[in-house]
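S.K.: Each residue of the sequence shown is one higher than the one before, counting from 1 in UniProt numbering.
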Amino acid sequence: MHRLAAHKKRYFLAKVFWHAYLLLGSTVSGMEDNTSNIDASFGLESRHRISLQSLSEWQTEEDLKNDDNVQESTINHKDIVSKEPGNAYSKGLYLEYKNMSESALWPNSVEKKNYTIQPLRKSSVEKKKFVSKDYQKDAKGEPAVFELLRHLLSTYLDTCSLTIFFEANTKLAAHSMMDQLRHRTVKMYDLNLEVLKRMDTWSRSLCDGYVFFIKIAREFIQHANFSHYHHSIHDSSPQSLWNSHAYHIIVLPKSSETDLSLTDILSLYNLHKTAKVLVLEPKDDYVLLWSHRVYSDGSGIRYVGTWKHGKMTTTANLFDSVLHNLHGAAIRIATFDHPPSVVYAYDKDHNIVRRLGVDMQILQTLAQARNFTPHFIEVSKNELWGFELPNGTWTGLVGKVFYEVADIGACNVFLELHRWKLVDYSTPYNFERGCFVAPSPKPLVSWTSPFLPFAWSTWISIAIYLAVGGLLLYIIANLSINQEPNTFISFSYDYLYTLGALTMKSFAKVPKFLPVRIYVGFTWIFGLIISTAYSANLIAFLSVTQYTAPIDTMKELSRSNLRIGGVAFWKTQFTASIDPVVRNFVEKLETDVQLSSLFDRVEAGDFALIENKQYLELQAGARYTYGSKTTIRIVRECLLPYSIGLAFQKNSPLKANFDILILRLFESGIVQKWKEEVINYFRQQNKDKRMKNVIKEHDTKRQPLSLTQLQGVFYLLGIGYLLAGFFLIAEVILFKHAS
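Structure, rendered in structure tokens:
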């Protein structure tokens, strides 16, 4: 009786479950096909479900606990299995995600009913489609692609921050993979543009890894096929919406389940510049691994290896650097003529035939070592290194690298913080100072020659002596006990006598008594020394052209009336300086980037120019030197030294690879040798002009004194005539008035 009651109870429960099956079948129709396609694509096996065999086979909760194919955690899940004694499970229902935890099983955005209970197909053909047997090849009955993923993550990405992306129709595969990574902290994201354009999605760590489960990949392709960096340039800490330094593993479905091709994926813009990329292509009982050649046009797809029977067919590093050999890929380089960093050689039609210079030598060496082809992009002479426009966009070399028109910028690029937000810098290979070039001292006006032997302070002292000396002689002569001749007690005579002593032409009359004689004797000695010194210096000033005082310090430059010209880069440097003298240059700076015209304005005496010291020395020596004389002159006091390197796109994979070679070149000393060679070449190219300047200077040597040099003497004579005439007229008027 007891057994009969139990059978009746089971029969009643079976009827209840059968009616539930009929009701649920109408609400979840169509879902089975989608889910089965997903599983077939990624190889999800039947062990991920709990299905009952037939209506006549009833299992209680206790029976399921004893089943090796069912885990207790699944049986006890309150939303799937009731814990009431005697509860049975009928045919036609299955439970998904055998190994999933509750948090992984039920994403917040998914309703639990849709992923808890679904009707099984009655047709045996459709059931085979639902549970694909093509991937049940390993001993554990696990899809080969999942086993390969576990191998990759444990071997290469064990210490990396891991992020998994999935599409709506690859969610089951992604969560199945997630279940096997319970021991790790893993972020999971739905693969949509809203997620891909968030900064926190691409947050950086020392090592990052991304796994993409894709099938349609429409939004993935849209995001990965153009640059995102400049979208955030005005943030306080801008970063790219793509991590080129991270590991990227892309899991494709079986080729029969998707229209995607390897070329479609590996030719995407951002993958084009990402070094660590693997594409997994599942087959029947194995997985093919593919990668690409960085900076190729999409045709550089390369076979990496095959995963079969739980192991790789190769022992090589699957993420081995592909940057050691770029296979002739075209690397775009933005540059312009700026010696000695870059020197252009032109033909008769002014076409560029060669590019020389320190920067070009380094790039040629890198091209040979890494097997790439340089493709040069010319920067406008109106932009040079570039500057920020009012709308926030950048121009010039920095702009071309930042907006990814060029891969590298090479032309005396100073390593500084302001532009570091836009580009990455290489290891420095040269060091230079930012210096000023000012007009050379100008010849003094010739009419001032008679006044040049003495400084103005000396002339003032002599004038005071004349004013006081004549008065003292008059007082001593009048106060003397012994009466001097009437001439010495005349006020005008005493002043003329003192002036005559200074010119070594004193009057014939001499004082008779000791007090006046002593005073007059010392006056003659003083006049002898002054007149001798003046005569000696006057000869030098008349025979040698005299120049104004040179500008040797930045303080002297700031006090001068000269405007300062230079590229916009220097404005940021002046503004950021802690030196008040340097900060004052901001008001005087004019960012006229036509350097050739600025040199001409410096020579004209209106401007000073700030630039790389080596560049200034070359230009001054080749274009503005006339024998031993130069019309422009480098100010001795310069700004702090700057490091010089190459500019790369932000997060470029080329930087770390090229830095090693650049450091070796610098340590070898060959960079300094290249600099000396290009300086000699540049001077040789301008040899003809320098020779003409030497001839011009030679023609001006040993010239006789001209009226221009002696015009000051004639001016002085004219002043004397005017004074004599003035006093003559005054005397005549006064005499007539007295009469």
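Glycine is no exception: its CB is placed at the ideal position from the N, C-alpha and C atoms.
Since the model is a prediction, treat every value here as computed from it, not as a measurement.
#1: Count the other C-beta atoms from every protein chain shown that fall within 10 angstroms of the C-beta of residue 611, then say buried if there are 16 or more, exposed otherwise.
#2: Whose C-beta lies closer than 6 Å to the C-beta of residue 481 among residues of the same chain, with five residues either side of it excluded?
#3: Which partner residues does residue 356 have in the DSSP bridge list?
#4: Candidates 416, 574, 560: which alpha carbon is nearest residue 606's?
#5: Using beta-carbon positions only, say whether residue 225 and residue 268 come within less than 8 Å of one another.
#6: Pick from 511, 251, 323, 150: whose alpha carbon is nearest that of residue 288?
#7: If you compare alpha carbons, which of 668, 576, 183, 271 is closest to residue 245?
#8: Can you tell me which of 148, 548, 647 puts its alpha carbon nearest to the alpha carbon of residue 741?
#9: Pick out whichever of 156, 196, 144, 203 has its Cα sitting closest to the Cα of residue 177.
#10: Do the CB positions of residue 396 and residue 415 come within less than 8 Å of each other?
#11: Helix, strand or coil for residue 267 per DSSP?
#12: Alpha helix (DSSP H) containing residue 321: first to last residue?
#13: I'd like the list of long-range same chain contacts for residue 729, defined as Cβ closer than 8 Å, with 5 residues on each side in sequence excluded.
#14: Would you give the residue range spanned by the alpha helix (DSSP H) that residue 307 belongs to?
#15: Does the stretch 436 to 450 come into contact with the stretch 589 to 609, if we say contact requires no fewer than three beta-carbon pairs (one atom in each stretch) closer than 8 Å?
#16: Can you look up residue 456 in the DSSP assignment and give me helix, strand or coil?
#17: My assumption, with CB atoms under 8 Å, is that residue 574 sits in contact with residue 598. Please give the rounded CB distance.
#18: Nearest-angstrom Cα distance between residue 736 and residue 479?
#19: Would residue 93 be called buried (16 or more neighbouring beta carbons within 10 Å of its own) or exposed?
#20: Where DSSP assigns a beta bridge to residue 409, which residues make up the other side?
#21: Should residue 456 be labelled buried (16 or more other beta-carbon atoms within 10 Å of its own) or exposed?
#22: Among the candidates 339, 277, 183, whose CA atom is the shortest distance from the CA of residue 208?
#23: Let me confirm a value: residue 361 is counted as buried when at least 16 other C-beta atoms fall within 10 Å, else exposed. Which label applies?
#24: Residues bridged to residue 187 by DSSP?
#25: Does the stretch 568 to 582 touch the stretch 550 to 560, meaning 3 or more C-beta pairs lie closer than 8 Å?
#26: Which word fits residue 614, buried or exposed, when buried means at least 16 other C-beta atoms lie within 10 angstroms of its C-beta?
#27: Alpha carbon to alpha carbon, how far is residue 643 from residue 668? Give it in angstroms, no decimals.
#28: Got a sec, what are the start and stop residues for the beta strand (DSSP E) residue 281 sits in?
#29: Along the chain, where does the beta strand (DSSP E) that runs through residue 669 open and close?
#30: Taking the Cβ atom as the reference point for each residue, do residue 342 and residue 357 lie within a distance shorter than 8 Å?
#31: On the three-state DSSP scale, how would you describe residue 537?
#32: Straight-line CA distance for residue 353 to residue 714?
#33: By a C-beta neighbour count over all protein chains shown, 10 Å radius and 16 as the cutoff for buried, is residue 463 buried or exposed?
#34: Using 8 Å as the threshold, is the stretch 641 to 655 in touch with the stretch 394 to 413, meaning 3 or more CB pairs across them?
#35: Closest by CA to residue 683, which one among 622, 634, 712?
#36: Determine whether the beta carbon atoms of residue 322 and residue 275 lie at a separation below 8 Å.
M.R.: Straight from the coordinates:
#1: Buried is the call here.
#2: Here residue 481 has no same chain residue with a Cβ atom under 6 Å from its own Cβ, once five neighbours each way along the sequence are excluded.
#3: Residue pairing for residue 356: DSSP places it in a beta bridge opposite 343.
#4: Nearest Cα to residue 606 within the set 416, 574, 560: 560.
#5: Their beta carbons are under 8 Å apart, which means residue 225 touches residue 268 by this criterion.
#6: For residue 288, the nearest C-alpha among the options comes from 251.
#7: Among 668, 576, 183, 271, the Cα nearest to that of residue 245 is on 271.
#8: Residue coverage of the chain in this structure runs from 1 to 739, which leaves residue 741 outside it and unanswerable.
#9: Of the candidates 156, 196, 144, 203, the one whose C-alpha sits nearest the C-alpha of residue 177 is 144.
#10: The Cβ atoms of residue 396 and residue 415 do not sit closer than 8 Å to each other.
#11: In this structure, residue 267 counts as coil in the three-state DSSP scheme.
#12: Here residue 321 belongs to no alpha helix (DSSP H), and DSSP marks it neither H nor E.
#13: None.
#14: Per DSSP, residue 307 belongs to no alpha helix (DSSP H); it is in the beta strand (DSSP E), 301 to 308.
#15: With the cut-off at 8 Å, the stretch 436 to 450 and the stretch 589 to 609 touch.
#16: DSSP places residue 456 within a helical segment (H, G or I) once states are collapsed to three.
#17: 16 Å between Cβ atoms; not a contact.
#18: Between the alpha carbons of residue 736 and residue 479 lies a gap of roughly 34 Å.
#19: Low confidence applies to residue 93: its pLDDT is 32, below 50, so where it sits in the model is not reliable enough to give any reading.
#20: Residue pairing by DSSP places residue 409 opposite 334, 647 in a beta bridge.
#21: Under this definition residue 456 is an exposed residue.
#22: Out of 339, 277, 183, 277 has the C-alpha closest to the C-alpha of residue 208.
#23: Using a 10 angstroms sphere on the CB of residue 361, the tally of other CB atoms reaches 16 or more, which defines it as buried.
#24: Beta-bridge pairing links residue 187 to 163.
#25: Short answer: they touch.
#26: So residue 614 ends up on the buried side.
#27: Rounded to the nearest angstrom, the gap between the Cα atoms of residue 668 and residue 643 is 18 Å.
#28: Note, residue 281: beta strand (DSSP E), 277 to 282.
#29: For residue 669, no beta strand (DSSP E) encloses it, and the DSSP letter there is neither H nor E.
#30: Yes.
#31: Three-state DSSP puts residue 537 in a helix.
#32: Looking at the two C-alpha atoms, the distance is approximately 60 Å.
#33: Counting Cβ neighbours within 10 Å, residue 463 comes out exposed, since fewer than 16 surround it.
#34: The stretch 641 to 655, when compared against the stretch 394 to 413, does touch it at the 8 Å Cβ threshold.
#35: Checking every option, the nearest Cα to that of residue 683 belongs to 622.
#36: Going by beta carbons, residue 322 and residue 275 fall inside the 8 Å limit.
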